[in-house]
Amino acid sequence: MEENELIEKITKEILSKLEKMNITEGADKSSTSGKNTPEVSITPEELAGYLDHTLLKPGATEA
Numbered sequence: 099m100e101e102n103e104l105i106e107k108i109t110k111e112i113l114s115k116l117e118k119m120n121i122t123e124g125a126d127k128s129s130t131s132g133k134n135t136p137e138v139s140i141t142p143e144e145l146a147g148y149l150d151h152t153l154l155k156p157g158a159t160e161a
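Mapping the sequence shown onto the numbering used here, position 5 (from 1) lands on 103, and the numbers just tick up by one.
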């Protein structure tokens, strides 16, 4: 698997989990139980900025 394919796969998985947690845009407002919870929308490109891509390289080791 190419590096970019791996990054894309990880990004999609993270976004999927965030959506299930009602963190991303489109969250059901009724699920907030009346709390004043802001909606957060993040694109795959924005999410990529939060990832340490050096850990995705094949030769990476845990520090």
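Just so it is clear, CB atoms sit at the ideal spot from N, CA and C, and this is done for glycine as well.
Using C-beta distances below 8 Å, list every residue in its chain close to residue i, excluding the 5 sequence neighbours before and after it, in chain order.
{"i": "leucine 145", "result": "Thr109, Ile112, Leu113"}
{"i": "leucine 104", "result": "Leu154"}
With a threshold of 8 Å between beta-carbons, can residue i be considered close to chain D, or not?
{"i": "glutamate 117", "result": "Checking the listed chains, one finds no chain D in this structure; it contains a single protein chain."}
Have a look at residue i and residue j and give me their C-alpha separation to the nearest angstrom.
{"i": "leucine 116", "j": "tyrosine 148", "result": "14 Å"}
{"i": "asparagine 102", "j": "methionine 119", "result": "26 Å"}
Below 6 Å CB to CB, which residues in the same chain sit around residue i once its five sequence neighbours on both sides are set aside?
{"i": "proline 142", "result": "Thr109"}
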